[in-house]
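So the sequence lines, in the order shown, correspond to chains R and E. Just so we're aligned, residue 16 is where the first sequence starts under my numbering, counting upward by one. Just so we're aligned, residue 16 is where the second sequence starts under my numbering, counting upward by one. Glycine is no exception: its CB is placed at the ideal position from the N, C-alpha and C atoms.
Number of protein chains: 2
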Amino acid sequence: MKKIDLPENVTADDVAAEAGVSRWTVNRAFKKAASISPATRDKVMAAAQSLGYVPDLRAAALASDRSNLVALLVDDFANPHKLVMMERLTRALRSRGWDTLLVNTLDRDDAGSAMLNASQRRVDATILIGIQFDDEVLKAAHKARRFKKLIIFARTSENPNTISIAVDDQAATREIARYVMERGYKNPLYLAGPRTVSAHLLRKETFLEFWKNHTGHVPGSIGVDAYDPILASDIIRQTLAGYQGQERPDIIVCENDALALGTIDSIRHHLHLRVPEDIAVIGFDDVPQADSPNYRLTTYRQPLTAMANYLVDVLESADTSDMDRTFMGSLVVRESA
Amino acid sequence: MKKIDLPENVTADDVAAEAGVSRWTVNRAFKKAASISPATRDKVMAAAQSLGYVPDLRAAALASDRSNLVALLVDDFANPHKLVMMERLTRALRSRGWDTLLVNTLDRDDAGSAMLNASQRRVDATILIGIQFDDEVLKAAHKARRFKKLIIFARTSENPNTISIAVDDQAATREIARYVMERGYKNPLYLAGPRTVSAHLLRKETFLEFWKNHTGHVPGSIGVDAYDPILASDIIRQTLAGYQGQERPDIIVCENDALALGTIDSIRHHLHLRVPEDIAVIGFDDVPQADSPNYRLTTYRQPLTAMANYLVDVLESADTSDMDRTFMGSLVVRESA
DNA sequence: ACGATTTTTGCACGCGCGTGCAAAAATATG
DNA sequence: CATATTTTTGCACGCGCGTGCAAAAATCGT
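Pasting the structure below:
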């Protein structure tokens, strides 16, 4: 048994020599479902332990053409909900053996190059939790196709080459609209986020249509370029400054919580009005702050954990077709509306 | 020139054949600093483009033993500052050619296994932006040593095997303490985060010592187990309920903004007092919400972009010794104190 | 135009592990 | 105890690219 001084770069061969077996047996010991006797496995593991051996996943990925790695493309770090999604996703992924490559989509036109980045690592799938990607990008991604799956998380997509895992936006929005109506609000204003293909404006359209069908008139609506509380705050100040008593909206329905939080801040601190007595606010996502005593935001909660787990199911499934799926969330009623 | 129908898995060999050069010339064309004539490079790139070739970074990493990949270990997603740090870090890293593996440290005892995870991918460095790791973990990490560098970001560490990139906590805290004193506050209460080796309680100790040296008495202090606004909110409610008029703190100095925001919420909505008139609050980090009209939090801003860029410098430098560095930030005075 | 110098190109070998199959060992069967 | 069956182990080849060196081509000087 030779002993070398420098213990750097221990490979399966070294462990094999130490344990007195072949290299392949060593590899088997590290595989979950492998035919190996418990005795040898223990022997191998002991040797590995003593040498500090850890399998090299680069080589494994290269040899097997399966990396157990996914790329997570994020383009909008101003939205606190992103942090929640990242936590839930990485938790589900890691606890089931997947690693995550975090790719910051630096600016509006960077999505394509971000995907290229991911493809160079030969990830098994790319997950989009951002919003600023359009059909061009999706098409390019599909063409390059160095990753087998393109998953759009928490957004509905009609693109046939993607797998979309999201809440049922229409059902959710109808539930919100119904609640707004039943609580007796008469003059809602809808605050929407950026208009992109992926977002599809499904929520806004659904809300406006519902309201029109039930009351006969179409509510007003405004929009911002990003899901950023600051932008929401600014546009609310500007928009509401123009209204006089009667015409002023009695509730602002926001496409998500990031906008809702900015809206509440603006109502209170710029317009010096009360929430919900003067103007109510309703959001979407149920970010952690929504529950803080300061906001007590009425909002719609997505079942993120279930969605994340389903995402891993998708990763682990062999076939690609018909994987889209929508989930039902629930309205969380607090005091803002 | 042969043509194959299935364009899957295009390798450098395919491009070489298409361009009429050797495989090695193809690889050179994709390297920044390589001796290759512009003419051949163009020819190769055109061929690569037409075949949809993208270099395989797994193989490159395997062959060169350099992955251009770092692991980012995050253990505390409740702190909104994490989102900001992640954005700044991934931006700096990606724009300089580095990819990021996001590893969610699932629970308190998971740091070791998270590092193992990273080491299996043979990352070039591991970056810790969490707090729940202690000397045991660092020792284990140093022993395993499958990554060359262990960087602690935004936290001071005395461990000789790590590289710490952080704001000068003592100088920063002294600046805060001096400000508190000059503004005439008499009875501060310090709210600290979890006690770990990495955190080192440097801020708390510095503040208490400064105050003692200048006024003769030691301020009260309390602590929570995580940098979570909810926890801060709870403990503030409990603690302040016990005080009567005179003894009540006139300012609460928080170890970071996550705690400060929860503190403000609690003061206003649980104790029904005003900030800063009844109790002032001061934070650390300058998270985006600190600037919202609702909080207007006086806090200390870390130069995150400079720190992130320095981190990449460290990654790209060959030697390992004496890389620790502290940065100076600046006090951002708003209305909360 | 010829040799000296510089730039550009080609190549053998190895990085560490997976895969599928065949040989060997262990166990079961009559 | 001999043979059939099952479990366990060993191995050749390949995954796609880097590295360092030597050969070939291009450039320069006079």
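Could you pull the start and end residues of the alpha helix (DSSP H) that residue i belongs to?
| i | result |
| --- | --- |
| residue 195 of chain R | 184–197 |
| residue 97 of chain R | 95–110 |
| residue 27 of chain R | 27–34 |
| residue 316 of chain R | No alpha helix (DSSP H) contains residue 316 of chain R, which is instead part of the beta strand (DSSP E) from 314–316. |
| residue 290 of chain R | Run containing residue 290 of chain R: none; DSSP gives neither H nor E here. |
| residue 329 of chain E | 319–331 |
| residue 79 of chain E | 72–79 |
| residue 128 of chain E | 126–135 |
Would you mind giving the Cβ-Cβ distance between residue i and residue j, rounded to the nearest angstrom? I have them listed as a contact below 8 Å.
| i | j | result |
| --- | --- | --- |
| residue 300 of chain R | residue 96 of chain R | 5 Å |
| residue 27 of chain E | residue 42 of chain E | 6 Å |
| residue 59 of chain E | residue 144 of chain E | Residue 59 of chain E to residue 144 of chain E, Cβ: 40 Å. No contact. |
| residue 103 of chain E | residue 320 of chain E | 6 Å |
| residue 327 of chain R | residue 108 of chain R | 6 Å |
| residue 317 of chain R | residue 344 of chain R | 5 Å |
| residue 334 of chain R | residue 179 of chain R | With a Cβ gap of about 16 Å, residue 334 of chain R and residue 179 of chain R do not count as contacting. |
| residue 206 of chain E | residue 278 of chain E | 6 Å |
Step through the CB atoms of chain R and report whether any lies within less than 8 Å of the CB of residue i.
| i | result |
| --- | --- |
| residue 119 of chain E | yes |
| residue 222 of chain E | no |
| residue 285 of chain E | yes |
| residue 164 of chain E | no |
| residue 316 of chain E | no |
| residue 97 of chain E | yes |
| residue 190 of chain E | no |
Does residue i come within less than 8 Å of chain E when only Cβ atoms are used?
| i | result |
| --- | --- |
| residue 139 of chain R | no |
| residue 150 of chain R | no |
| residue 203 of chain R | no |
| residue 71 of chain R | yes |
| residue 253 of chain R | no |
| residue 280 of chain R | yes |
| residue 115 of chain R | yes |
| residue 308 of chain R | yes |
| residue 33 of chain R | no |
| residue 64 of chain R | no |
So which of the options has the shortest CA-CA distance to residue i?
| i | options | result |
| --- | --- | --- |
| residue 283 of chain E | E/295, E/196 and E/100 | E/295 |
| residue 232 of chain E | E/222, E/241 and E/338 | E/222 |
| residue 46 of chain E | E/35, E/33 and E/69 | E/69 |
| residue 128 of chain R | R/142, R/235 and R/152 | R/152 |
| residue 216 of chain E | E/350, E/291 and E/237 | E/237 |
| residue 186 of chain E | E/218, E/178, E/210 and E/281 | E/218 |
Alpha carbon to alpha carbon, how far is residue j from residue i? Give it in angstroms, no decimals.
| i | j | result |
| --- | --- | --- |
| residue 194 of chain E | residue 84 of chain E | 42 Å |
| residue 25 of chain R | residue 135 of chain E | 12 Å |
| residue 87 of chain E | residue 125 of chain E | 14 Å |
| residue 55 of chain R | residue 31 of chain R | 11 Å |
| residue 166 of chain R | residue 29 of chain E | 29 Å |
| residue 79 of chain E | residue 170 of chain R | 39 Å |
| residue 342 of chain R | residue 93 of chain R | 25 Å |
| residue 132 of chain R | residue 330 of chain R | 20 Å |
| residue 200 of chain E | residue 297 of chain E | 12 Å |
| residue 264 of chain R | residue 204 of chain R | 6 Å |
| residue 337 of chain R | residue 150 of chain R | 20 Å |
| residue 357 of chain R | residue 245 of chain R | Residue 357 of chain R is absent from the structure shown; chain R starts at 16 and stops at 352. |
| residue 34 of chain E | residue 73 of chain R | 29 Å |
| residue 164 of chain E | residue 332 of chain E | 11 Å |
| residue 197 of chain R | residue 189 of chain R | 12 Å |
| residue 106 of chain R | residue 119 of chain E | 6 Å |
| residue 348 of chain R | residue 311 of chain R | 9 Å |
| residue 257 of chain R | residue 313 of chain R | 26 Å |
| residue 351 of chain E | residue 324 of chain E | 31 Å |
| residue 122 of chain R | residue 52 of chain E | 33 Å |
| residue 281 of chain R | residue 290 of chain E | 18 Å |
| residue 39 of chain E | residue 50 of chain E | 12 Å |
Looking at the unbroken beta strand (DSSP E) that takes in residue i, where does it start and where does it end?
| i | result |
| --- | --- |
| residue 342 of chain R | 340–342 |
| residue 57 of chain R | Note, residue 57 of chain R: premise wrong, no beta strand (DSSP E); alpha helix (DSSP H) at 53–66. |
| residue 203 of chain R | 203–207 |
| residue 45 of chain R | Careful: residue 45 of chain R lies outside any beta strand (DSSP E) and carries neither H nor E. |
| residue 235 of chain R | 235–238 |
| residue 114 of chain E | 114–119 |
| residue 227 of chain R | Segment 217–230 is the alpha helix (DSSP H) holding residue 227 of chain R; no beta strand (DSSP E) there. |
| residue 141 of chain R | 140–143 |
| residue 166 of chain R | 164–168 |
| residue 336 of chain R | It is not in any beta strand (DSSP E) - residue 336 of chain R carries neither H nor E in the DSSP assignment. |
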